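Just below is one structure, and these are the notes that go with it.
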Amino acid sequence: MVSSDFASIYKAVRERVSKASFPNLFMATQITIDEAYPMYVRVEEGEAEVAPYEYNDASFYIDAKAADFCRILNGKKSVYDGIADGSVRINGDAQRAIIFVKAVFG
179 MVSSDFASIY KAVRERVSKA SFPNLFMATQ ITIDEAYPMY VRVEEGEAEV
229 APYEYNDASF YIDAKAADFC RILNGKKSVY DGIADGSVRI NGDAQRAIIF
279 VKAVFG
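Using the numbering used here, the first residue of the sequence shown is number 179, and each one after it goes up by one.
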């Protein structure tokens, strides 16, 4: 069960990303939790790297409150419902964002 602290969310994202299959293209995203806690996911040649830092010049950005993102990570809410209701915001390259969301969240 993922709790709403950054360490727990970071670990869950890292686990999901490690299991995801990405196409052979470059993409980078910054995921920011509670407008204060960033992490980045960088994919190059199908290999992903996750780190708890800001990423300047990301392909797209994902922003969410910790409680909402935990509900998604715990399977209580779909990421698509979060995008639809505004609890998850994505800005930037829509094509890469769709590929990433589908690979990581299904």
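Cβ coordinates follow ideal geometry from the N, Cα and C atoms, glycine included.
No experiment lies behind these values; they were computed from the predicted model shown.
Between the alpha carbons of K280 and V180 lies a distance of about 20 Å.
Counted as a single uninterrupted DSSP element, the beta strand (DSSP E) harbouring E225 occupies residues 225-229. Here Q208 is buried: its Cβ has 16 or more other Cβ atoms, across all protein chains shown, within 10 Å. Contact between the segment 232-242 and the segment 262-274 is present, with at least three C-beta pairs closer than 8 Å. Of P230, A226, R220, E213, the smallest CA-CA separation from K189 is found for P230.
Counting every other CB atom within 10 Å of its CB across the protein chains shown gives F278 a total of 16 or more, marking it as buried.
With a beta-carbon spacing of about 13 Å, V221 and V191 fall beyond the 8 Å limit used to define contacts.
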